[in-house]
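Undergrad:
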Amino acid sequence: MKLLQKIFPALVLLAGVSGWTRSLYQEDIQAHLYNVDDPPYATIAVHNIGKIGLTVSNVGILGLSDMGLTIDPLTGESAPSLSFPLNYNMEYLYEAALWVGGIVGHDTLVSTAGGSGRWGVHEFWPLPYPEGDIKHWSTLDPQSPEFDSAVSQQDFVAVYTDTITDVNITGYDDETGRLHRPLRLEVKQSSYTWGYDYAEDFVIINYDISNIELRHLNDVYIGFYVDNDCGTGGYYGDDDVCGFKKSLYSKYIPGLVDTLDIVWAADNDGDPNPFTGTYAGLFSPTSVIATKVLRTPTDRTGYTFNWWITSWDVDYDWGPRRNSPSGVRYFNRRLGTPQSDEDRYYMMANREFDYDQSTANYDRSAEGWLAPPSFASQIAGGAEIRYLLSFGPFDMDPGETLPLTIAIVAGQNFYSDGGIGGTPTWRDFTDLQLNTLWAQWIFDNPGVDTDGDGYSGEFHIFCMNPKMSRIDTIITGIDTTYDTVYTCTKSDTLWYKGDGIPDFRGAVPPKSPVIKTHPRINEYNHGEITVQWNGYETELSADQFSQLLDFEGYRIYISRSGQVNDFTLVTSFDCDDYDRYEYDTDLESWVIKNPPYTLKLLRNMYGDDFDPAPYFDPEHLFAFFNQSTGDWETYFFKDHDWNQSNLYDTTRIHKIYPDQPYPSTLNLDTAYMFYPDEVTSEGNLKYFEYEYTLKKLIPSIPYYVAVTAFDQGQPHKNLPALETDPSESAVREFAQNATDIVLSEKPDIIVYPNPYRIDGNYRSYYEGWEEPELMAERTRALHFTNLPPKCTIRIFSIDGDFIDKVEHDFVPGDPGSMHESWDLISRNEMSITSGIYYFTVDSEYGQQVGKFVIIY
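Residue numbering for the sequence shown follows the working numbering, starting at 423 and increasing by one per position.
Next up, the structure:
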């Protein structure tokens, strides 16, 4: 159990369930405590989209700390401190807190969010409501107003400062009696999570720490304090172990070493059953939690790691310490918990890197460390451990901002049973290692040149089954060189490190195809726009992180304005694939555990005639005898998306070359040279050519047409598909005869509406020929179509009086190059009257003459 009762006396945080924007404390209590009318708005948010459930706050604390039992304001359920895996009642964090220390004049100042035995001392606070509330953004819903600012699938952004000096709010040091003296800092804390398989085991937290005072701060240190307490929820263990892991051999690239640089913490043994020695699966604390530093303010930052035990007993309150010639510094008779601002600053600036706790009983006196205490073996076996990662020193000018980015990473099976007759695993870092790498890769995407300087990171050329091909003999003068040439069954470039510039980017949808539009007016004088695209890059681009081809389909959108929220879905195509449901005995429910299965794959698994349609719910199950396991398995299936996969129906999205088989090669140059029948005149593979025709369009209206691509999503994680934004790839086009038709066929120039009626209600949204919001005289429009790209339109009265001239000048092929409008206002700024008018159109292709009628 916790050796110290941790209570938050300065601020009672009482959970409310009335909504996302409610405070965690009651207004009557806060007013009584602070005696202020507008107190800081302390609140929490809970990351819960992946396997980690982590509470973050806007007071600089991660975890529940001494805030008491708290309710997630969004769900109304109990908030976890750090639960992993989520919903199994395993907790791995009491609190983590930001520390910042610096020298101002001759004074040493440290602002802390919490921790280090300062019960109830919290010196970072947000603004009052609503400015101080935590902001919530997400990439999950492109139509949401929170989408544009989102980085991950669940962003929480909090801003707080250390500027409040009211002792009723900040608390004070019990040991020294010193009141809070602020450095005058503002911190923007942004935390990000993704729910995909490769990104569900960590939370990335970015701190931007700004000097908001017109004074210099010298020798600034930033600290990240952690008190884990790993165990079953509701029980905070005092038998944790922690250490630092520098590197491990790569699980991806043989022979390569992964640099990890993580501080890890876990229960000392995973709490096995005392009688059988086995674990209760996910209901035992067999996982490990680590802090990974992703970015510090500079590459030259000093990096220290210290751990200690906190105890009421000053003799047991102990931590590793170097034996200094000038004497050993005690913290009020303690060698562990720092007690004052000066102690905390000393801890951040001591430049020591502690050895692992599990080796605390080793005597390192010869290496310059203090001798271990008499109870060192007890410490090595598990104790009430806290640790501190520190970075610095820095000098901060007024207005300067220092970034710090860390990841809270979890790994399963740190302890596990060996199975029947097997050997139990003991502190296995495999899962933690892989999850740490993914945290690094999402923070700084490998192989991506973020700043455009030509450097994309570090890579390894992977060669599978190398075989000697030949030995080349090279004679230069008197020297003879033998160059051995190898061939590989498969070779690939594996990027394992980014360019050093943060990306904060996780999964992305498939690349949008580049579209071409072909407008025309059909024989019924209806406007049409045929959209064409090639899906080669879209369908063959692997997911950046999973490296799987997860393309699912295309969607066609249309808009009148081109604005993000104004696109309407017209039709879609998606692959013929299925979600397979299987029964989970732990959850006692039917779940999806794998990505979608194509029909081809299902038939490979279950027979050439297999049809998933009859097996659609738990009452209609498919039974299959698995030869490899010797067990019967039962499943049911549902369409993934709509399975609208008929690419031969010309009324839907369809292939331009429906009978074209899959390409003989995917190399475009090779295909163009050796398989010319498989390639279009533009050099694209015919197999990936698609089109769709939008019909019954109004010729006078410009339309924005887009084709988006979307992936499979992760149905087994209840995450929707990722889709490209239609506004990013939209093309503006008129549903009129395109320039090539006009120039080749030279159709008659058409004027519409003809006759033009003042009472024709052309301002209605359906007709859309005129703008209803403006004055009628300035929004009336007579339209000309089938125009060449460059021409001059002249309007005359029936008597031959010159009325007006319109210069039409477009680049051939531009949207609108075949269309022009006239506002029915003469060159003398007069509205024209009823009557018959005629026009001429002069261009390099000759002259056309026509007439129209105006009726008032």
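Quick reminder that beta carbons are idealized off the backbone N, C-alpha and C, glycines included.
(1) Helix, strand or coil: how does DSSP classify Asp1099 here?
(2) Based on the DSSP secondary-structure assignment, which residues constitute the bridge partners of Val625?
(3) Ser709 to Ser838, Cα distance in whole Å?
(4) Determine whether the beta carbon atoms of Pro1121 and Gly949 lie at a separation below 8 angstroms.
(5) Using CA atoms only, rank isn't needed, just tell me which of Arg766, Ser1166, Phe1274, Asp596 is closest to Tyr1267.
(6) Of all the options Ser1239, Gly1235, Phe1224, which has the alpha carbon lying nearest to the alpha carbon of Ile1247?
(7) Classify Gln862 as helix, strand or coil using the three-state DSSP reduction.
(8) By DSSP's criteria, Glu1229 is part of a beta bridge. Which residues make up the other side?
(9) Kindly identify the DSSP beta-bridge partner or partners of Arg1154.
(10) Is the number of C-beta pairs between the region 811-824 and the region 723-742 that are closer than 8 angstroms three or more?
(11) Do you know offhand how far Val1129's Cα is from Leu1116's?
(12) Along the beta strand (DSSP E) that carries Lys668, what are the first and last residues, could you check?
(13) So, for Arg603: in the same chain, excluding its five sequence neighbours on each side, which residues have a beta-carbon less than 6 angstroms away from its beta-carbon?
(14) Output yes if chain B places a C-beta closer than 8 angstroms to the C-beta of Pro1085; else output no.
(15) So, with DSSP's three-state summary, where would you put Glu568?
(16) From Ser796 to Asp739, what does the alpha carbon distance come to, in whole angstroms?
(17) Check each candidate in Asn1250, Asp488, Arg600 and name the one with the smallest Cα separation from Asp403.
(18) How is the beta strand (DSSP E) around Leu1204 delimited, first residue to last?
(19) Hey, out of Asp680, Val648, Gly655, Gln1066, whose CA is closest to Lys667's CA?
(20) Which residue comes first and which comes last in the beta strand (DSSP E) that contains Ile591?
(21) Roughly how many angstroms lie between the CA atoms of Ser913 and Trp791, to the nearest whole one?
(22) Among Tyr1125, Phe624, Ala687, Val609, which residue has its Cα nearest to the Cα of Tyr514?
(23) Kindly give me the distance between the Cβ atoms of Ala1337 and Ile626, rounded to whole angstroms, as I take these residues to be in contact under 8 angstroms.
(24) Going straight from the alpha carbon of Pro696 to that of Tyr510, what length do you get?
(25) Please classify Asp1006: does DSSP put it in a helix, a strand, or coil?
(26) Would you list the residues sitting across from Trp521 in a DSSP beta bridge?
(27) Is the distance from the Cβ of Lys1108 to the Cβ of Gln1066 below 8 angstroms?
(28) Please report the Cβ distance between Asp1264 and Thr1207, rounded to the nearest whole angstrom; I am assuming they are in contact, meaning their Cβ atoms lie under 8 angstroms.
(29) Within 10 angstroms of the Cβ of Arg637, are there 16 or more other Cβ atoms? Answer buried if so, exposed if not.
(30) Express the C-alpha separation of Asp661 and Gly692 in angstroms, rounding to a whole number.
(31) What whole-angstrom Cβ distance do Lys1015 and Glu1004 have, given they're in contact under 8 angstroms?
(32) Give me the Cα-Cα distance between His1042 and Asn857, rounded to the nearest whole angstrom.
(33) On the three-state DSSP scale, how would you describe Gly975?
(34) Which partner residues of Glu608 appear in the DSSP bridge assignment?
(35) Does the count of Cβ pairs from the region 924-931 and the region 615-633 closer than 8 angstroms reach three?
(36) Cβ of Glu1145 within 8 angstroms of Cβ of Phe1132?
TA: So, from the data block:
(1) By one-based count along the sequence shown, residue 1099 stands at place 677. Correct three-state label for Asp1099: helix.
(2) Translated into positions along the sequence shown, residue 625 becomes position 203. In DSSP, Val625 forms a bridge with Ile830.
(3) Sequence index remark: in the sequence shown, residue 709 carries index 287 (1-based). Sequence index remark: in the sequence shown, residue 838 carries index 416 (1-based). For Ser709 and Ser838, the distance between alpha carbons rounds to 9 angstroms.
(4) Your numbering for residue 1121 matches position 699 in the sequence shown. Your numbering for residue 949 matches position 527 in the sequence shown. Result yes, Cβ atoms of Pro1121 and Gly949 sit closer than 8 angstroms.
(5) Residue numbering aside, residue 1267 sits at position 845 when the sequence shown is read from its first letter. The shortest C-alpha separation from Tyr1267 is found at Ser1166.
(6) Counting from one through the sequence shown, the residue named residue 1247 turns up at place 825. Nearest of Ser1239, Gly1235, Phe1224 to Ile1247, Cα basis: Phe1224.
(7) The residue given as residue 862 occupies position 440 in the sequence shown. Helix, per DSSP.
(8) Indexing the sequence shown from 1 puts residue 1229 at position 807. According to DSSP, which records beta bridges pairwise, Glu1229 is partnered with Thr1214.
(9) Here the question's residue 1154 lines up with position 732 in the sequence shown. Answer is Tyr1126, bridged to Arg1154.
(10) yes
(11) Indexing the sequence shown from 1 puts residue 1129 at position 707. Indexing the sequence shown from 1 puts residue 1116 at position 694. C-alpha separation (whole angstroms): 12 angstroms.
(12) Reading the sequence shown from its first residue, position 246 is the one you call residue 668. Here the beta strand (DSSP E) through Lys668 covers 662-671.
(13) Mapped onto the sequence shown, residue 603 falls at position 181. Correct list, in chain order: Leu531.
(14) The structure shown contains no chain B; it is built from a single protein chain.
(15) Numbered from its first residue, the sequence shown carries residue 568 at position 146. Reduced to three states, the DSSP call for Glu568 is coil.
(16) Sequence index remark: in the sequence shown, residue 796 carries index 374 (1-based). Sequence index remark: in the sequence shown, residue 739 carries index 317 (1-based). Cα-Cα distance, rounded: 13 angstroms.
(17) Because the chain is modelled from 423 through 1278, residue 403 falls outside the range shown and cannot be assessed.
(18) Locating residue 1204 in the sequence shown gives position 782, counting from the first residue. Residues 1204-1207.
(19) By 1-based counting over the sequence shown, the position of residue 667 is 245. Out of Asp680, Val648, Gly655, Gln1066, Asp680 has the C-alpha closest to the C-alpha of Lys667.
(20) Against the sequence shown, residue 591 aligns to sequence position 169. Careful: Ile591 lies outside any beta strand (DSSP E), inside the alpha helix (DSSP H) at 589-592.
(21) Counting from 1 along the sequence shown, the entry for residue 913 is found at position 491. Counting from 1 along the sequence shown, the entry for residue 791 is found at position 369. Any reading at Ser913 needs caution, since the residue's pLDDT is 49, under 50, leaving its predicted position unreliable; the model's value is listed next. Using only the alpha carbons, I get a separation of about 49 angstroms.
(22) As a working note, residue 514 is residue 92 in the sequence shown. When each option's Cα is compared against that of Tyr514, the closest is Ala687.
(23) There is simply no residue 1337 to check, as the chain begins at 423 and stops at 1278 in what is shown.
(24) The residue you call residue 696 lines up with position 274 of the sequence shown. The residue you call residue 510 lines up with position 88 of the sequence shown. Roughly 21 angstroms between the two C-alpha positions.
(25) One-based indexing of the sequence shown puts residue 1006 at position 584. Strand at Asp1006.
(26) Here the question's residue 521 lines up with position 99 in the sequence shown. For Trp521, which the question treats as bridged, DSSP gives the partners Thr534, Gly645.
(27) In the sequence shown, residue 1108 corresponds to position 686, counting from 1. In the sequence shown, residue 1066 corresponds to position 644, counting from 1. For Lys1108 and Gln1066, no; Cβs fall outside 8 angstroms.
(28) Reading the sequence shown from its first residue, position 842 is the one you call residue 1264. Reading the sequence shown from its first residue, position 785 is the one you call residue 1207. Not really, about 17 angstroms apart at Cβ, beyond 8 angstroms.
(29) The residue labelled residue 637 in the question sits at position 215 within the sequence shown. Classification for Arg637: exposed.
(30) Taking the sequence shown and counting its residues from 1, the one referred to as residue 692 is at position 270. Taking the sequence shown and counting its residues from 1, the one referred to as residue 661 is at position 239. Their Cα atoms are separated by approximately 10 angstroms.
(31) Along the sequence shown, read from residue 1 onward, the residue named residue 1015 stands at position 593. Along the sequence shown, read from residue 1 onward, the residue named residue 1004 stands at position 582. Correct: roughly 6 angstroms between the Cβ atoms.
(32) Taking the first residue of the sequence shown as 1, we reach residue 1042 at position 620. Taking the first residue of the sequence shown as 1, we reach residue 857 at position 435. Roughly 38 angstroms separates the two Cα atoms.
(33) Here residue 975 refers to the residue found at position 553 when the sequence shown is read from its first residue. Three-state result, Gly975: strand.
(34) In the sequence shown, counting from the first residue as 1, residue 608 sits at position 186. Beta-bridge pairing links Glu608 to Thr583, Ser632.
(35) yes
(36) As a first step, residue 1145 is located in the sequence shown; it is residue number 723 there, counting from the start. As a first step, residue 1132 is located in the sequence shown; it is residue number 710 there, counting from the start. Cβ distance < 8 angstroms, so Glu1145 and Phe1132 count as in contact.
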